[in-house]
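Q:
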Amino acid sequence: MPTPIRTRGRVDGQADGRGDGQVDNVQSRRPRNRHTRLLVAGLVLAALNLRPAITSLGALLEEVRTGLHMSGTAAGVLTSVPPLCFAALGFAAPRLARRFGPGAVVLAGMVAITAGLAARPFAGGTALFLAASACALMGIAVSNVLMPVIVKRYFPDRVGTMTGLYSMSLALGTAGAAAVTVPMTDAMGGGWRLGLGVWAVLAAVAVLPWLGLVRAPAAEPSAGASATAPGGAAGTAAESAGAEPGPGLRLGRSRTAWSLACFFGLQATGAYITMGWMPQIFRDAGVSAGTAGLLLAVTMAMGVPLAFVIPRMAARMRNQGPLVVALGLCGLTAYAGLYLAPAAGAWLWAVLLGVSNCSFPLALTMIGMRSRSGAGVVRLSAFAQSFGYLLSIPGPLLVGVLYQHTGGWGLPIALMAAFLVPQMLAGTIAGRDRTIEDEALMRD
Numbered sequence: 094m095p096t097p098i099r100t101r102g103r104v105d106g107q108a109d110g111r112g113d114g115q116v117d118n119v120q121s122r123r124p125r126n127r128h129t130r131l132l133v134a135g136l137v138l139a140a141l142n143l144r145p146a147i148t149s150l151g152a153l154l155e156e157v158r159t160g161l162h163m164s165g166t167a168a169g170v171l172t173s174v175p176p177l178c179f180a181a182l183g184f185a186a187p188r189l190a191r192r193f194g195p196g197a198v199v200l201a202g203m204v205a206i207t208a209g210l211a212a213r214p215f216a217g218g219t220a221l222f223l224a225a226s227a228c229a230l231m232g233i234a235v236s237n238v239l240m241p242v243i244v245k246r247y248f249p250d251r252v253g254t255m256t257g258l259y260s261m262s263l264a265l266g267t268a269g270a271a272a273v274t275v276p277m278t279d280a281m282g283g284g285w286r287l288g289l290g291v292w293a294v295l296a297a298v299a300v301l302p303w304l305g306l307v308r309a310p311a312a313e314p315s316a317g318a319s320a321t322a323p324g325g326a327a328g329t330a331a332e333s334a335g336a337e338p339g340p341g342l343r344l345g346r347s348r349t350a351w352s353l354a355c356f357f358g359l360q361a362t363g364a365y366i367t368m369g370w371m372p373q374i375f376r377d378a379g380v381s382a383g384t385a386g387l388l389l390a391v392t393m394a395m396g397v398p399l400a401f402v403i404p405r406m407a408a409r410m411r412n413q414g415p416l417v418v419a420l421g422l423c424g425l426t427a428y429a430g431l432y433l434a435p436a437a438g439a440w441l442w443a444v445l446l447g448v449s450n451c452s453f454p455l456a457l458t459m460i461g462m463r464s465r466s467g468a469g470v471v472r473l474s475a476f477a478q479s480f481g482y483l484l485s486i487p488g489p490l491l492v493g494v495l496y497q498h499t500g501g502w503g504l505p506i507a508l509m510a511a512f513l514v515p516q517m518l519a520g521t522i523a524g525r526d527r528t529i530e531d532e533a534l535m536r537d
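So for the sequence shown, our numbering puts the first residue at 94; every next one is plus one.
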């Protein structure tokens, strides 16, 4: 009887007890694992680039205003450009994703961010500066909408964890730009143009993993694609790939969708007022420019650990309303402090505002939990973010107008605090344990 041929433990089609099919499965998992690692790197690098265009400008806003001869109202318009771009492009993001694929759209977004940040230092006037900023912000806008979609599609059983990683990276980029822009500008011996333009380098790095993802063969969603995500969000691979939800799913008639949009818009209002105007509040109170930038960095840095913790907490809760209220109360305390003693308690107010601003990762997590399918998350993300950013547009502009016409921060700070009351109400409604599909069934 012929002796079986043994090659490195393999006997007649078997390798240490594994059949050929199992070996093939191990080999086929390798490209998927590489794709997953590249996807995680792409998510982190994209998130790092979604706020430096804004917070680096906030740290140097006074220098930019002087260099471009901007009025307070014009600066208010400038701080309102981000939500305007986010709203306009947010509506288009799902259609672009269906046409070209979410990875290709995020790649285009990273290219637009790079181009806008590289062009901004060469602007000779306010109009050109706004145009270059708008280019970068349009890239940010489409990526904002599609990040929850990509998390839902490839990590449906780890929505809280991956949203936390993405949100933590976003907070790190936000804080880093606020902290180092002024000292880096001083160290390089350049003016505000160099200090803003250097962030194009980080954006260019983020292009690379998305270029690899788009050029690589399409990979299937993770093995848990059909698993139930925390909070009851589940979807099949086909749904995650972008299949349309049923015709009964009308988001305009969904109380949950509208409450999410209001919650998202009001927290965005507070965030962009903070990023655009908080350094100026401290500088007007007698704080130096470098310290004001560090205070903004502290506010943004609070989101680094909390943006990872809060989504995981939210994913384990049936109702996220208590988290919404707790974050809102931190914000109210911070605004009271800014009104009464802006310089004396500056570091404490910065910390409390940072905690309050973690409503953003909470909102992203709730978007992923309020639909049962990947396609539903696409539509809900676009709906909540687009209408939310539209709602947030007047806030920074109103702050600029009040600041210019009153010459102080009393009324603007009172306005900021007032925004938190409806934010807590809308977030409490959005945090209820139900999905947009449940509401559609209840209407039928």
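Ideal Cβ positions, reconstructed from N, Cα and C, are used throughout, including at glycine.
None of the values given here were measured: they were computed from a predicted structure.
Work out the CA separation of A190 and A311 for me, nearest whole Å.
A: Residue confidence is low: A311 scores 49 on pLDDT, short of 50, so the model does not pin down where it sits. Its coordinate-derived value is still stated next. Answer to the nearest angstrom: the Cα atoms are 14 Å apart.
Q: Taking Cβ positions, are L239 and L131 nearer each other than 8 Å?
A: The answer is no: Cβ separation not under 8 Å.
Q: By how many angstroms is the C-alpha of L177 removed from the C-alpha of L425?
A: Distance between the alpha carbons of L425 and L177 is about 26 Å.
Q: DSSP state of V238, grouped into three classes?
A: Helix.
Q: Could you tell me the alpha carbon to alpha carbon distance between S173 and T362, rounded to whole angstroms?
A: If I take the Cα positions, the gap works out to 9 Å.
Q: Are the Cβ atoms of I179 and N237 separated by less than 8 Å?
A: Sequence inspection shows Phe at residue 179; the Ile mentioned does not correspond to that position. Yes, these two residues count as a Cβ contact at 8 Å.
Q: Report yes or no: do three or more beta-carbon pairs, one from the stretch 466-477 and one from the stretch 412-426, lie closer than 8 Å?
A: With the cut-off at 8 Å, the stretch 466-477 and the stretch 412-426 do not touch.
Q: Restricting to Cα atoms, I'd like to know which of M459, C355, R246 and D531 is closest to V514.
A: Closest by alpha carbon: C355.
Q: Measure the Cβ-Cβ separation of L518 and P505 and say whether it is below 8 Å.
A: No, the Cβ-Cβ distance between L518 and P505 is not below 8 Å.
Q: Taking a contact to mean a Cβ-Cβ separation below 8 Å, would you say G369 touches V275 in this structure?
A: No, Cβ-Cβ distance for G369 and V275 is not below 8 Å.
Q: Out of K245, V380, M393 and A297, which one is the CA nearest neighbour of V273?
A: Cα-wise, what sits closest to V273 is M393.
Q: When DSSP labels each residue in this structure, what does T392 get in the three-state scheme?
A: In the structure shown, T392 sits in a helix (DSSP, three-state: H, G or I).
Q: Inspect the beta-carbon positions of Q516 and L359 and report whether they are closer than 8 Å.
A: Closer than 8 Å, so yes.
Q: Let me check understanding here. Comparing Cα to Cα, which of A407, G421 and G469 lies closest to R246?
A: Taking only the C-alpha atoms, the option nearest R246 is G469.
Q: Hey, out of P175, A168 and V133, whose CA is closest to S485's CA?
A: Of the listed residues, the one whose Cα sits closest to S485 is P175.
Q: Report the option in R251, A216, A197 and A224 whose CA atom is closest to the CA atom of V235.
A: It is A197.
Q: For I529, count neighbouring Cβ atoms within 10 angstroms of its own Cβ and tell me buried if that reaches 16, exposed if not.
A: Label assigned to I529: buried.
Q: Counting only runs that start and end within the stretch 368-424, where is the alpha helix (DSSP H) found for 4 or more residues in a row?
A: Listed in chain order, they are 382-394 and 396-409.
Q: Apart from the five residues on each side of it in sequence, which residues of its chain come closer than 8 Å, Cβ to Cβ, to P398?
A: Once the five neighbours on either side are set aside, the close Cβ partners of P398 are M261.
Q: Drop a sphere of 10 angstroms on the beta-carbon of T367, count the other beta-carbons inside from all chains shown, and report buried for 16 or more, exposed for fewer.
A: Buried, because 16 or more other Cβ atoms sit within 10 Å of the Cβ of T367.
Q: For G488 and F401, I'd like the C-alpha separation in whole angstroms.
A: One C-alpha to the other measures close to 27 Å.
Q: Would a C-beta distance cut-off of 8 Å place P214 and L136 closer than the cut-off?
A: No.
Q: Between the beta-carbon of G500 and the beta-carbon of Q413, is there less than 8 Å?
A: Contact: no.
Q: Applying the criterion that 16 or more other CB atoms from any shown protein chain within 10 Å of the CB defines a buried residue, is N126 buried or exposed?
A: It is exposed - the Cβ of N126 has fewer than 16 other Cβ atoms within 10 Å.
Q: Can you give me the C-alpha to C-alpha distance between P340 and Q373, rounded to a whole angstrom?
A: Caution applies to P340, whose pLDDT of 44 falls short of 50 and renders its modelled position unreliable; the value that the coordinates give is listed next. Each residue's alpha carbon lies about 49 Å from the other.
Q: Report the three-state DSSP secondary structure of I505 (helix, strand or coil).
A: Rather than Ile, the amino acid found at residue 505 in this sequence is Pro. Three-state DSSP puts P505 in a helix.
Q: Could you check where the alpha helix (DSSP H) with R472 kicks off and where it finishes?
A: That run of the alpha helix (DSSP H) goes G467 to S485.
Q: Taking 8 Å as the threshold (C-beta atoms), are L223 and L143 in contact?
A: Result no, Cβ atoms of L143 and L223 do not sit closer than 8 Å.
Q: Under a Cβ-count criterion, where at least 16 other Cβ atoms within 10 Å of its own Cβ denotes burial, should L287 be classed as buried or exposed?
A: Its Cβ having fewer than 16 others within 10 Å, L287 is exposed.
Q: Using C-beta distances below 7 Å, list every residue in its chain close to Y482, excluding the 5 sequence neighbours before and after it, in chain order.
A: Cβ neighbours of Y482 beyond the five flanking positions: P176, F179, A180, G183, G358 and A361.
Q: Look at the Cβ atom of T207, then the Cβ atom of A270, and state whether they are nearer than 8 Å.
A: No, Cβ-Cβ distance for T207 and A270 is not below 8 Å.
Q: So what does DSSP say about V291, is it helix, strand or coil?
A: Note: V291 maps to coil in three-state DSSP.
Q: Buried or exposed: where does A280 fall if 16 or more other Cβ atoms within 10 Å of its Cβ makes it buried?
A: Exposed is the call here.
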